[in-house]
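Numbering (this note's numbering), first residue to last: 604 to 728.
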């Protein structure tokens with residue numbers, strides 16, 4: 604089983620990061636899923652496997668507030684954050700609290716599951 608997300612996953616997080624001034628270009632950065640995403644995973648798998656099934660699900664996740672969101676942001680390599688913010692959820696949360704009202708953040712993404720098995724012939728298709 605192969606699993607990935609859509610290219611537009613967590614756009615709401617991009618908007619929050621830009622609005623807080625943490626990374627004004629947050630929405631312009633390349634997706635973390637550029638190489639293998641919901642739109643191309645089945646095709647990538649089919650190059651060397653027999654694809655049996657493809658399932659897409661909408662995933663909705665809500666971060667409780669800035670402190671919870673900052674825990675995720677501290678681990679996310681997508682954004683161009685100021686020195687001292689990478690890996691520092693406390694500093695990220697403080698910045699979010701300084702510039703934006705604290706509230707839950709609901710994010711959405713499409714998750715794609717590809718079920719595949721080795722080709723009958725044993726080699727690439």
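From the three backbone atoms N, C-alpha and C, an ideal C-beta is built for every residue, glycine too. Remember, it's a predicted structure, so these values are computed and weren't measured experimentally.
Going by CA-CA distance only, name the one from 675, 649 and 661 that's closest to residue 722.
For residue 722, the nearest C-alpha among the options comes from 649.
Excluding five sequence neighbours on each side, which residues of the same chain lie with their C-beta closer than 6 Å to the C-beta of residue 666?
Answer for residue 666: 672 and 708, listed in chain order.
Would you list the one or two residues that DSSP bridges to residue 712?
DSSP, once it has assigned bridges, lists 662 as partnering residue 712.
Just the C-alpha distance for residue 720 and residue 714, rounded to the nearest angstrom, thanks.
Each residue's Cα considered, the two are about 20 Å apart.
How about residue 607 and residue 658: are their beta carbons less than 9 Å apart?
Against a cut-off of 9 Å, the Cβ pair of residue 658 and residue 607 comes out as no contact.
For residue 662 and residue 689, I'd like the C-alpha separation in whole angstroms.
The straight-line gap from Cα to Cα measures roughly 26 Å.
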